[in-house]
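Down below is the structure, laid out as structure tokens.
2 protein chains.
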Amino acid sequence: MEKETTIYDIAKELGLSASTVSRALKGNTIINARTRAKVEECAQKMGYRSNAFASNLRTRRTNTIGVIVPRLDSNFMSACLAGMENVASKNGYNLIISQSHESVEKEAQNAITMFNSRVDGLIVSLTVEHSDLAYFNQFAQKKVPVVYFDRVPGNTPFACFVTNNEKAAYEATKHLISQNCARLLHVTVDSQINVYADRKKGFERAVAESKNCSGSIIYAASLTFDEGEKIALEIAAMKNQPDGIFVANDLVASGCMLQLQKSGFQIPDDIAIVGFNNDPISNIVSPKLSTVNYPGREAGILAANSLVEQLKNENTALKSQRVVLESEFIIRESSLRST
Amino acid sequence: MEKETTIYDIAKELGLSASTVSRALKGNTIINARTRAKVEECAQKMGYRSNAFASNLRTRRTNTIGVIVPRLDSNFMSACLAGMENVASKNGYNLIISQSHESVEKEAQNAITMFNSRVDGLIVSLTVEHSDLAYFNQFAQKKVPVVYFDRVPGNTPFACFVTNNEKAAYEATKHLISQNCARLLHVTVDSQINVYADRKKGFERAVAESKNCSGSIIYAASLTFDEGEKIALEIAAMKNQPDGIFVANDLVASGCMLQLQKSGFQIPDDIAIVGFNNDPISNIVSPKLSTVNYPGREAGILAANSLVEQLKNENTALKSQRVVLESEFIIRESSLRST
DNA sequence: GTGAAAGCGCTAACAT
DNA sequence: ATGTTAGCGCTTTCAC
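Keeping their order, the protein sequence lines are chains A and B.
In terms of the numbering used here, the first sequence opens at residue 1 and continues consecutively.
In terms of the numbering used here, the second sequence opens at residue 340 and continues consecutively.
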């Protein structure tokens, strides 16, 4: 490694002290404007780059925000991250992103890594697996703010940003009913996490409200396209087949729909289908999938903003708020019956 | 921020010196095994966490690898990153990931940020836009190794990991010809970057080799589904329509194919289509898309391994190698003609 | 096998 | 407006 230019080198070059250089470099207005200009020019010329470690060591801050998400290969998550990155970089923070791959152990491990690398704050979307979240306590103890989004715990000292899953699911199910579906089915994953638990609640409420409607539930092992196909085979083998399906996620919905078609069902006339998330795939499958548009980018922006806000007013107690984002139901071909 | 436990606290507690504690903590075998055990236990009990900044400041290494990619919301990229993360964490490195969003300016800015945060090494997949890559020179100057993968420059002092785009494209085109396609079309993006330039070359070579075959090219403005749809409309409006299309990417291919169907074309009988990447969408669209399987995870692993290797043998000259990964052609319905 | 001491580059309280 | 000074917590010679 070559020798790096330090503020001392600049100071010596200019006949100043290191502190003056330090102050000048961060634009402190207490320093004479001419001096500031001189310092900056010299720094440029000498190829100076600030040493974040020395600075972090001194200030005990890292200007880094940790992000833990189940996976980052969904369109929804990309949108969330893009929103976060925007807010973070605008406020001088870097993002460290890690995936839990839906495993509680990996989530815990990532949390520990983040903790040890001393992120200033943490943004988390939880795994489907249930967890006691104990590994986030250490952050609370050190007054490191945590913000949850999308997949959030029911009860937490930290801020949460979610969409109204219950309401969205209720609307989706009501829509199916309005399309003359009477034997409703909800395909989801068996999880206590809000997103799926609340969608189930919304489904059940809508079914309960409507006479002449029955509702049942099938649990997928995971939220993949392949699982959707498997479920479709199960459905095809049922004696009392559903005529309207609300699926907790577009990927599963697509797999399910395509396989149902292969099994000879007409979509939406034999079976109407609604998904969730407005993943690009929902617009690509044939027929196009009705779904719920969940504003990921906005969720990311709000979550990151909340965190940055808490970071600014340090020493304030951590904020425990719960913000609900509006979603929007999108009707497409998969649930729009001709009858 | 609460007071953190330091090695001095542990040293005092145990009546040792800080140096001994430091050595014990990193498992230095010169320290008595009993002492080591005692130190570790005490560290645990006191909630010690190592301060990476102090350590980095001292050792001038960050144990961090920077990654710059065009976007991370494709399945291919997720696979690459997963492979890298695996190798990195196995070797004690963290990954900092950033997106260039296909813009040279953002790529340059990301490179500078990475440089200033003193990543130990850099892994890059370039933008489609052409660039002089000058912003990577600073890494070479400081002997910070850079490794390119997938989208790589033609001529560089750094290592490159690519698939054989030319050969894969050649095979894909030959396949179309074997399906009795005679008016071939290549849909790609107008870029000098290897992936697209080489695919074009492969296409052209295959066409040139076959008598009775004509080949033409349409450039998409970007590699999106929507662009594919637009191109399809162009094709539908052509006088001399193609009967076989090789598209540089599955997303564009899907958009194109679905829109062609809407315009009344039978796929594959009127027009056969082949994509590239084996994106999950290629298996979801109807008809299923023939494509080239490009092993992303493997590419990520190899690139990260190469970097780690170079990091280990520091002071060695940077390695300038070019490794070519094998891809695999997958034939599905979109190009398999009944005739 | 263990300790003493110096210093990595920066910041911030306290001078002037 | 600028300088002096004292660390932040760790690693690493060089001693013993």
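Even for Gly, the Cβ is constructed at its ideal location relative to N, Cα and C.
Quick caveat, the model's predicted, so the values are computed rather than measured.
Cross-chain neighbours of residue i in chain B, by beta carbon under 9 Å
i, result
"A/V285", "I623, V624, S625"
"A/S254", "I623"
Local conformation of residue i per DSSP, three classes
i, result
"A/V331", "Sequence check: residue 331 of chain A is Ile here, not Val. Three-state DSSP puts A/I331 in coil, outside helix and strand."
"B/T344", "coil"
"A/S338", "coil"
"B/G460", "strand"
"A/Y196", "helix"
"B/C520", "coil"
"B/H469", "coil"
"B/T563", "coil"
"A/F161", "strand"
"A/H186", "strand"
"A/N313", "coil"
"B/S645", "helix"
"B/T452", "helix"
"B/R636", "helix"
"A/T291", "strand"
"B/G554", "strand"
"B/G541", "helix"
"A/G67", "According to the sequence as given, residue 67 of chain A is Val; it is not Gly. In the structure shown, A/V67 sits in a strand (DSSP, three-state: E or B)."
"A/L325", "strand"
"A/V21", "helix"
"A/V207", "helix"
Cβ shell of residue i (< 6 Å), same chain only, five flanking positions each side left out
i, result
"B/R490", "S464, L465, I532, V534"
"B/G541", "E505, A508, Y509"
"A/I97", "V67"
"B/M596", "I606, I612"
"B/K365", "none"
"B/K627", "R671, E672"
"A/R322", "C160"
"A/M1", "Because the pLDDT at A/M1 is just 43, under 50, the model does not fix this residue reliably, and the point stays unresolved."
"A/F76", "N277, G296"
Interface residues of chain A facing residue i [CB-CB closer than 7 Å]
i, result
"B/N503", "Here the premise fails: no neighbours, minimum Cβ distance about 25 Å."
"B/I620", "I281, I284"
Beta-carbon contacts of residue i that lie in its chain and below 8 Å, excluding the five residues immediately before and after
i, result
"A/F343", "What is shown of chain A runs 1 to 339, which leaves residue 343 of chain A out entirely."
"A/D250", "G275, F276, N277, N278, D279, I281, S282, L289, T291"
"B/K342", "none"
Within chain B, the residues that residue i reaches when beta carbons sit closer than 7 Å
i, result
"A/F53", "F392, N395, L396"
"A/E225", "The question names Glu, but residue 225 of chain A is Phe in the sequence shown. P619, I623, listed in chain order."
Residues near residue i by beta carbon distance below 7 Å, same chain, minus five either side
i, result
"A/G92", "N63"
"A/R337", "Q179, N180, P268, D269, A272"
"B/F478", "F454, L461, V485"
"A/Y219", "T188, V189, D190"
"B/T512", "L523, G541, F542, A545, V546, F585"
Listed by chain order, chain A residues near residue i by CB distance under 9 Å
i, result
"B/S356", "Correct list: empty, because the minimum Cβ distance to chain A is about 21 Å."
"B/I404", "Those do not exist, as B/I404 stays about 12 Å from chain A at its closest Cβ, beyond 9 Å."
Chain A residues whose Cβ lies nearer than 8 Å to that of residue i
i, result
"B/S417", "R71, L72, D73"
"B/N449", "By Cβ distance, chain A contributes nothing, its closest Cβ being about 10 Å from B/N449, past 8 Å."
"B/N455", "R49, S50, A52"
"B/L597", "I284, S286"
Under 8 Å from the C-beta of residue i: neighbouring residues of chain B
i, result
"A/I96", "N433, I435"
Any non-hydrogen atom of the ligand COA closer than 7 Å to residue i Cβ
i, result
"B/T495", "The ligand COA is absent from the structure shown, which contains no ligand whatsoever."
(Q) Does the contact criterion of 3 or more C-beta pairs under 8 Å hold for the region 343–360 of chain B versus the region 279–296 of chain A? (A) no
Q) Where in the region 367–402 of chain B do unbroken runs of the alpha helix (DSSP H), each at least 4 residues long, occur, reported from the N-terminal end onward? A) 372–384, 391–398
Q. Taking contact to mean at least 3 C-beta pairs separated by less than 8 Å, is the region 582–589 of chain B in contact with the region 513–532 of chain B?
A. yes
Q. Which whole runs of the beta strand (DSSP E) in the region 226–276 of chain A are 3 residues long or more, in chain order?
A. 244–247, 272–274
Q: Determine contact between the region 442–451 of chain B and the region 663–675 of chain B, defined as no fewer than three beta-carbon pairs at a distance below 8 Å.
A: no
**Q.** At least 3 beta-carbon pairs within less than 8 Å: the region 37–48 of chain A vs the region 383–392 of chain B
**A.** no
Q: Any chance you could list the alpha helix (DSSP H) runs of at least 4 consecutive residues sitting entirely within the region 67–104 of chain A, in chain order?
A: 75–90
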